[in-house]
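With my numbering applied, the first sequence closes on residue 690, and no number is skipped along the way.
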Amino acid sequence: MEELQLTPEQEAEVARQLDVIRRGVAEIVPESELVEKLRHSVATGTPLRVKLGMDPTAADIHLGHTVVLHKVRQLQDLGHRAHLVIGNFTGRIGDPTDKSETRKQLSEDEVQRNAQTYVTQVYKILDPNKTDIVYNADWLGPLNFADVIRLASTLTVARMLEREDFTKRFRENRPIHIHEFFYPLMQAYDSVHLHTDIELGGTDQKFNLLMGRTLQKEFGMPMQIAIMMPLLEGLDGVHKMSKSLGNYIGVDESPNDMFGKMMSIPDDLMFKYYELLSFRRTDEIEAMRSAVASGQTNPRDVKMALAEELVNRFLGPQAVKDAVAHWHQVFQSGAIPEDIEEVQVPAEPVWIVKLLVDCGLAASNSEARRSIGEGAVRINGEKVKDVDLNFTPADGDVLQRGKRQFKRLRLQ
RNA sequence: GGAGGGGUACCAAAGUGGCCAAAUGGAGCGGACUGUAAAUCCGUUGCGGAAUGCUUCGUAGGUUCGAAUCCUACCCCCUCCA
């Protein structure tokens, strides 16, 4: 790229963009080239082409996925254009991970359906006017065997084995199927096809993102910048957010669940979530951080503001109102909530232990007994002390175990 | 095909004849405290209308007064060699 002369205003714009882009990222490879691309973009008024790939393997996205989407959105707000690549071709192979060596092949139908879900969910974050949704089967599908061989010949096995996952499996004598080598190659080819300037992904995507650079160079085109986002920890604050670990917040969850789950994250995690998920400006977040650190602000309120922002984004303002009201009522005041699940019971005396099991508040008689022994069981707010209690339910009675398990009794 | 290692509760992992309904950690549930479902601490976590009761340590048999522990067969997983 030739030396560009930029006006001071343009230089300032480049600096501003760089600042926004840097926020929260794990790594930019290489940053110097990013600066060059930005300068060129600003100088010529050409948006950069940003690529994000998604495999339509699962139907739902959770907050972990939105970290990367969020960064794409920021780039869009800076005037750049995004390609959202639906991996309807690559998805049939599946990105090799150590977890699932052989991923089940998805049918055309499933892929289509999952892709559709993605798209609707994704637009809660991305700017539709600056997003092109493309399907990589459109260009990967037509390649013939000779094309594939040509692609494959640009790489060596040693180079492939640089990928941590492959190395590990190779060392441990676990199988690596040849076709798995093609996954990074195909993803890289997407970048070639789309003339991608910037590709985004999680830190676990590093190898694949860098492969894009390699292949682009091979094709004699400018190399893309790889921007890697940190993997978001899940609710436990330890493991990365994932569906299989059950520590995730889905973008389609009920308002109460989403809000409640947000409120349950460890305090230490709160500002990381802010950094990676919130649309707020960095200085605002920093102000909150110092306010909490100095004890001026209750961390709960800061966390609540984040929960509100996210519920609002994904579920709308009414959902926020509902969720906040519900949360206050149940968790803060400890009062009995309004909308309790109802269970039908006969209008005759029952042994309390049996009642608990019948209502689904305990898995077994033994568990029910234990709970009573722990003083956890209440009827209409009144603690049950006697394990042998026989109790005649009245319509509308509220049976409670612990602080947050309620059932309303309805006579049959 | 050959050699070796292993299958224990929701998960991980001890236990190798009685003190084992089974250590410990995680997770769950409950309680206290708080600022919330955070953190911390404590309790609890097979079933059983509870009895010196019943069933559980891959499956099925056997030895023994007594088996998660010993023996036999079978199933499954892993590693090495081919």
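All residues carry an ideal CB built from backbone N, CA and C; glycine is no exception.
Is it true that the CB of residue j sits closer than 7 Å to the CB of residue i?
i    : j    : result
K539 : L513 : yes
G331 : V292 : no
N392 : P334 : yes
L634 : A640 : yes
V345 : L554 : yes
V529 : I339 : yes
V631 : A654 : no
R441 : F485 : yes
E511 : L478 : no
L316 : Q288 : no
R558 : I618 : no
N534 : A601 : yes
P595 : D545 : no
P541 : I527 : This sequence places Met at residue 541; Pro is not what is there. Not closer than 7 Å, so no.
H361 : V412 : yes
A304 : M507 : yes
F460 : L418 : no
P325 : G357 : yes
Provide the residue span of the beta strand (DSSP E) that contains residue i, from first to last.
i    : result
E645 : First-last for E645: 643-651, but that is the alpha helix (DSSP H), not the beta strand (DSSP E).
G479 : 476-480
I657 : 655-657
T395 : Taken as a continuous stretch (DSSP letters only), T395 belongs to no beta strand (DSSP E), being part of the alpha helix (DSSP H) at 386-400.
D535 : Careful: D535 lies outside any beta strand (DSSP E), inside the alpha helix (DSSP H) at 533-541.
M438 : Looking at the DSSP string, M438 is not in any beta strand (DSSP E); the run it does join, the alpha helix (DSSP H), is 435-438.
G464 : The residue you asked about is not Gly; residue 464 is Met in the sequence shown. From DSSP, M464 is part of no beta strand (DSSP E) but of the alpha helix (DSSP H) over 456-472.
G489 : Checking the sequence shown, residue 489 turns out to be Met, not Gly. Element bounds for M489: not the beta strand (DSSP E) but the alpha helix (DSSP H), 484-496.
To the nearest angstrom, how far is the alpha carbon of residue i from that of residue j?
i    : j    : result
R359 : I505 : 15 Å
V397 : V328 : 17 Å
D675 : F684 : 10 Å
G480 : N643 : 47 Å
L429 : L463 : 8 Å
R679 : M519 : 29 Å
E562 : D579 : 14 Å
V389 : G365 : 9 Å
S568 : Y551 : 16 Å
A585 : A565 : 18 Å
L353 : I299 : 7 Å
G490 : I543 : 36 Å
A603 : T409 : 36 Å
K681 : K661 : 12 Å
E386 : P671 : 54 Å
K402 : F669 : 50 Å
I503 : L493 : 13 Å
A466 : V598 : 41 Å
S649 : T575 : 37 Å
A290 : H517 : 39 Å
I242 : K581 : Residue 242 is absent from the model: the chain starts at 279 and stops at 690.
D482 : T445 : 14 Å
Count the other CB atoms, across all protein chains shown, that sit within 10 Å of the CB of residue i; report buried if there are 16 or more and exposed otherwise.
i    : result
E531 : buried
M499 : exposed
D468 : buried
I456 : exposed
R663 : With the sequence shown as reference, residue 663 is identified as Lys, and Arg is not the correct amino acid for it. Looking at its Cβ environment, which holds fewer than 16 other Cβ atoms inside 10 Å, K663 is exposed.
L312 : buried
L487 : buried
H606 : exposed
G342 : buried
L689 : exposed
L593 : buried
L588 : buried
L282 : exposed
T474 : buried
Would you give the residue range spanned by the alpha helix (DSSP H) that residue i belongs to?
i    : result
E511 : No alpha helix (DSSP H) holds E511; DSSP gives it neither H nor E.
F592 : 577-593
D545 : 545-555
R317 : 309-322
V623 : Per DSSP, V623 belongs to no alpha helix (DSSP H); it is in the beta strand (DSSP E), 620-623.
D425 : 423-430
Any heavy atom of the ligand ZN inside 6 Å of the beta-carbon of residue i?
i    : result
G680 : Absence of the ligand ZN is noted for the structure shown, with no ligands found whatsoever.
Going by DSSP, which residues form a beta bridge with residue i?
i    : result
V340 : According to the sequence provided, residue 340 is His. The question's Val does not apply to it. According to DSSP, H340 bridges with G528.
V710 : Coverage of the chain is limited to positions 279 through 690, which leaves residue 710 absent and any answer about it impossible.
R300 : Note: R300 sits in no beta bridge, so no partner.
Y413 : I364
Q678 : R656, F684
A504 : V307, E477
E564 : Note: E564 sits in no beta bridge, so no partner.
L330 : L362, L478
L689 : V623
K518 : E511
K599 : Answer by DSSP bridge pairing: none, since K599 is not bridged.
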